[in-house]
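**Q**
Protein chains: 2
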Amino acid sequence: MNSKILFENIKKKKSFLCIGLDTDINKIPQFLLNYQDPIFEFNKQIIDATHDLCVAYKPNTAFYEQYGNKGWLSLEKTVNYIKTKYQNIFLIADAKRGDIGNTSDMYAKAFFENMNFDAITVAPYMGEDSVKPFLLYKDKWAILLALTSNKSAQDFQFDDSNTNLYEKVISKSKKWGNEDNLMYVVGATKAEMFKDIRKLIPNHFLLVPGVGAQGGSLSEVTKYGMNNKCGLLVNSSRSIIYADNTPDFAIYSRKKASEIKTEMEKLLLKYESNPK
Amino acid sequence: MNSKILFENIKKKKSFLCIGLDTDINKIPQFLLNYQDPIFEFNKQIIDATHDLCVAYKPNTAFYEQYGNKGWLSLEKTVNYIKTKYQNIFLIADAKRGDIGNTSDMYAKAFFENMNFDAITVAPYMGEDSVKPFLLYKDKWAILLALTSNKSAQDFQFDDSNTNLYEKVISKSKKWGNEDNLMYVVGATKAEMFKDIRKLIPNHFLLVPGVGAQGGSLSEVTKYGMNNKCGLLVNSSRSIIYADNTPDFAIYSRKKASEIKTEMEKLLLKYESNPK
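Protein chains in written order, with my numbering: chain A, 208 to 483; chain B, 208 to 483.
1. Give me the chain A residues within the contact set of B/Leu352, using Cβ-Cβ distance strictly less than 8 Å, ordered along the chain.
2. Going residue by residue through the segment 237-276 of chain B, where are the continuous alpha helix (DSSP H) segments of at least 4 residues, counting only ones entirely within it?
3. Once you ignore the five residues that flank A/Lys463 on each side, which residues in its own chain have a CB closer than 7 Å to its CB?
4. Pull up the distance between the alpha-carbon of B/Ala317 and that of B/Val286, whole angstroms please.
5. Buried or exposed, going by whether 16 or more other CB atoms sit within 10 Å of the CB of B/Lys483?
6. Would you identify the three-state DSSP class for A/Met390, choosing helix, strand or coil?
7. Look up A/Gly227 in the DSSP assignment and say whether it is helix, strand or coil.
8. Closest to A/Ala302 by CA distance: which of A/Val415, A/Ser359, A/Ala349 is it?
9. For B/Ile448, list the residues DSSP reports as bridge partners.
10. Might you give, ordered along the chain, the residues of its own chain that have their beta carbon closer than 8 Å to the beta carbon of B/Leu240, omitting 5 neighbours on each side?
11. Would you mind working out which of B/Asn321, B/Leu342, B/Glu320 sits nearest B/Val329, comparing C-alpha positions?
12. Spatial neighbours of B/Gly305 within its chain, please: CB distance less than 6 Å, with the 5 preceding and 5 following residues excluded, ordered by chain position.
13. At the 9 Å Cβ level, is A/Thr355 part of the contact set with chain B, yes or no?
14. Only counting the same chain, and skipping five residues up and downstream in sequence, which positions put a Cβ closer than 7 Å to that of B/Asn452?
15. Could you tell me if B/Asp229 is buried or exposed, where buried requires 16 or more neighbouring beta carbons within 10 angstroms of its beta carbon?
16. Rounding to the nearest angstrom, what Cα-Cα distance links A/Ser210 and B/Glu466 in this structure?
17. Kindly list the residues whose CB is nearer than 6 Å to the CB of A/Gln252, restricted to its own chain and excluding five residues on each side of it in sequence; keep chain order.
18. Excluding five sequence neighbours on each side, which residues of the same chain lie with their C-beta closer than 8 Å to the C-beta of A/Asn434?
19. Can you list, in chain order, the stretches of the beta strand (DSSP E) that have 3 or more residues and sit fully within the segment 342-372 of chain A?
20. State the DSSP-derived secondary structure class of A/Phe319, mapped to helix, strand or coil.
21. Please list, in chain order, the chain A residues whose beta carbon lies closer than 8 Å to that of B/Gly305.
22. So A/Ile299 packs on A/Ala353, CB below 8 Å; how close in whole Å?
23. Using a Cβ-Cβ cutoff of less than 7 Å, which residues in the same chain neighbour A/Ala315 once the five nearest sequence positions on both sides are dropped?
24. Would you mind giving the Cβ-Cβ distance between B/Gly394 and B/Leu413, rounded to the nearest angstrom? I have them listed as a contact below 8 Å.
25. In chain order, what residues of the same chain lie with their CB nearer than 6 Å to the CB of A/Asp346, ignoring the 5 residues before and after it?
26. Which residues mark the beginning and the end of the beta strand (DSSP E) in which B/Ala302 is found?
27. Does DSSP classify A/Thr285 as helix, strand or coil?
28. Which residues, taken in chain order from the segment 419-445 of chain B, show a beta carbon closer than 7 Å to some beta carbon of chain A?
29. Please determine, among B/Asn267, B/Phe223, B/Cys261, the residue with the shortest C-alpha to C-alpha distance to B/Ile246.
30. What do you get for B/Pro416, buried or exposed, if any count of 16 or more other CB atoms within 10 angstroms of its CB means buried?
31. Looking only at its own chain, which residues have a Cβ that is under 8 Å from the Cβ of A/Tyr288, when we skip the five neighbours before and after it?
32. Per DSSP, what kind of secondary structure is A/Ala464 in: helix, strand or coil?
33. Of the choices A/Ala326, A/Glu399, A/Leu280, whose alpha-carbon is the least far from that of A/Met390?
34. Please report whether the beta-carbon of B/Thr291 lies at a distance below 9 Å from any beta-carbon of chain D.
35. Assuming the contact rule is C-beta atoms closer than 8 Å, A/Ser359 and A/Ala398 should be a hit. Round their C-beta distance to whole Å, please.
36. A/Gln364 to A/Lys290, Cα distance in whole Å?
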């Protein structure tokens, strides 16, 4: 999927919501444990209940890997289910991979060929040759960690006396790809920083975690981060998928996703009537 | 495994060799494709032929993930095989993981509980809370990327005008753990840099990739990097495991591993007779 189609989906759905499928067997409704594959069954019901309210899903691979090859199988089934049934969904592997060139090739194969993800999150520490293999696939994306929303992002991403590392990562890496194959993770707990980031990359899409359970504000993020092609995918995981733990859980997830979508619709309209 | 036992194994085997199990179905001897699980069969034969010459094995997870849940199963079988048959082997998951705290918890569970790895490589970009979960397991290790051996390590790990990022990573992170749960990846193509790194962490173990196919020199690495508990695990992958592609491949792998082990034995003796 290229940025044009992604933006068309956003306009059509009036939503730039990404739902994080961080599926934990200890948190899903307990009646699902009677199913042969409870994780897939949970995902399936969440997806069926929310697909028209979001433009993207983002399974975090750690949640699946913790169950070994069975977890990996649940992930593969989830990817197949989405890609077969809802073709205009942008599918992100939140995997935070990154290794030397010939190894990143294999991660690209794992997530772009064996599984039909549209994008994968990548850690930038090893530099260009660790990112490039992901950029060679047509209509696929690398989403580079720039500014993360966790407390210890402070440890290395910032620099008191020099250019911040996250700014270096953006400035340098934007030359490796283009606005159709490169996005950035930008943590929502620091909304005012979007201003400076938008000076560096006015047109790139940003993947924003941390709205909802992690405490970011949607209106702040759009105020500083939105551009005239929206330019934002805002993720929410726990607050949507664990909205309820009864057999009706998917109805409550839909309700929560719908609330966020309604807010997003207003923010999109607001931007449209008053673009920057 | 703690550092004391690791050093005892090194003395007993007269080797600080780590063999990288970067098993690629396109590179293994073709007769193995007749086996039900060619990747596991290849690993098994390599392991049986080399276990007394090395102290560690290091499967790179990308090579297994590229085959989806089947590849993950081959990895699990390899881990079980080593841990059941050769208990004094130090087993490293070269996975380069790292995410926010509650997600790194799950990666730790995946590699330390579901699979019985002793260590996992971790990317430091997200800081302390992404590393800490791995340090909570007794006798398990996080191996942090510090200075990698790829060309584009230059992009972010170095800094012309300020402290290098890899030095910042070492200085800050060494306080998060201790010499029994924290190692560092230090690329061998820059052997003289071991000198400065040893000023920061005289006693920590270093995992050194890049000897062999990636071109580092073993004698240079030990000259600057060895300490009085050895303090080094030097990895070789392709030059050992792909030494030959006939049905006798494991014999040739043993021969190659044996050559490296003999060189290591001399270097250990040299250090012993003339410690720094």
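The beta carbon of each residue, even a glycine, is placed where N, CA and C say it ideally should be.
**A** Judging by the given coordinates:
1. Ordered by position in chain A, the residues that pass the 8 Å Cβ test against B/Leu352 are Tyr332, Met333.
2. For the segment 237-276 of chain B, whole alpha helix (DSSP H) runs of length 4 or above, ordered along the chain, are 245-257, 268-272.
3. For A/Lys463, where only same-chain residues beyond five positions count, the Cβ hits under 7 Å are Ser446, Ile447, Ala450.
4. Answer to the nearest angstrom: the Cα atoms are 12 Å apart.
5. With fewer than 16 other Cβ atoms within 10 Å, it is exposed.
6. Correct three-state label for A/Met390: strand.
7. Per DSSP, reduced to three states, the secondary structure at A/Gly227 is strand.
8. Residue A/Ala349 is the option with its Cα nearest to A/Ala302.
9. In the DSSP output, where bridge partners are listed per residue, B/Ile448 has none listed.
10. Within the same chain, B/Leu240 has close Cβ partners Ile232.
11. Of the candidates B/Asn321, B/Leu342, B/Glu320, the one whose C-alpha sits nearest the C-alpha of B/Val329 is B/Leu342.
12. The beta carbon of B/Gly305 sits closer than 6 Å to those of Val329, Ala330, Met333, Ser337, all from its chain and outside the five residues before and after it, given in chain order.
13. Answer yes: the Cβ-Cβ gap between A/Thr355 and chain B drops below 9 Å somewhere.
14. Only residues of its own chain outside the window of five on either side were considered, and among them Pro236 have a CB closer than 7 Å to the CB of B/Asn452, listed in chain order.
15. By the neighbour-count rule (16 or more Cβ atoms within 10 Å), B/Asp229 is buried.
16. In this structure, the CA atom of A/Ser210 is about 53 Å from the CA atom of B/Glu466.
17. Take A/Gln252, set aside five residues on each side of it, and the residues of its chain with a beta-carbon closer than 6 Å to its own are Ala457, in chain order.
18. Only residues of its own chain outside the window of five on either side were considered, and among them Arg405, Pro409, Asn410, Lys483 have a CB closer than 8 Å to the CB of A/Asn434, listed in chain order.
19. Segments of the beta strand (DSSP E) lying fully in the segment 342-372 of chain A: 348-354.
20. Secondary structure at A/Phe319: helix, using DSSP grouped into helix, strand and coil.
21. Going along chain A in sequence order, the residues near B/Gly305 (Cβ under 8 Å) are Lys303, Ala330.
22. Between A/Ala353 and A/Ile299 the Cβ distance is about 15 Å, and since that is not below 8 Å, they are no contact.
23. Here A/Ala315 has Pro340, Phe341, Tyr344 as same chain residues with Cβ atoms under 7 Å from its own Cβ, once five neighbours each way along the sequence are excluded.
24. Separation of the CB atoms of B/Gly394 and B/Leu413 is rounded to 10 Å, and the pair is thereby denied contact status at 8 Å.
25. If the five residues before and after A/Asp346 are omitted, its C-beta is found closer than 6 Å to the C-beta atoms of Met208, Asn209, all from its own chain and listed in chain order.
26. Looking at the DSSP string, the run of the beta strand (DSSP E) that includes B/Ala302 is 297-304.
27. In the structure shown, A/Thr285 sits in a helix (DSSP, three-state: H, G or I).
28. Against chain A - using a Cβ distance shorter than 7 Å - the segment 419-445 of chain B contributes no residues.
29. The shortest Cα separation from B/Ile246 among B/Asn267, B/Phe223, B/Cys261 belongs to B/Asn267.
30. Answer is buried; the Cβ neighbour count reaches 16.
31. Cβ within range, chain order: Phe247, Asn250, Lys251, Ile254.
32. A/Ala464 falls in the helix class under three-state DSSP.
33. It is A/Ala326.
34. Reference to chain D is not applicable here, since the protein chains of this structure are A and B.
35. 19 Å between Cβ atoms; not a contact.
36. Cα to Cα, A/Gln364 sits roughly 35 Å from A/Lys290.
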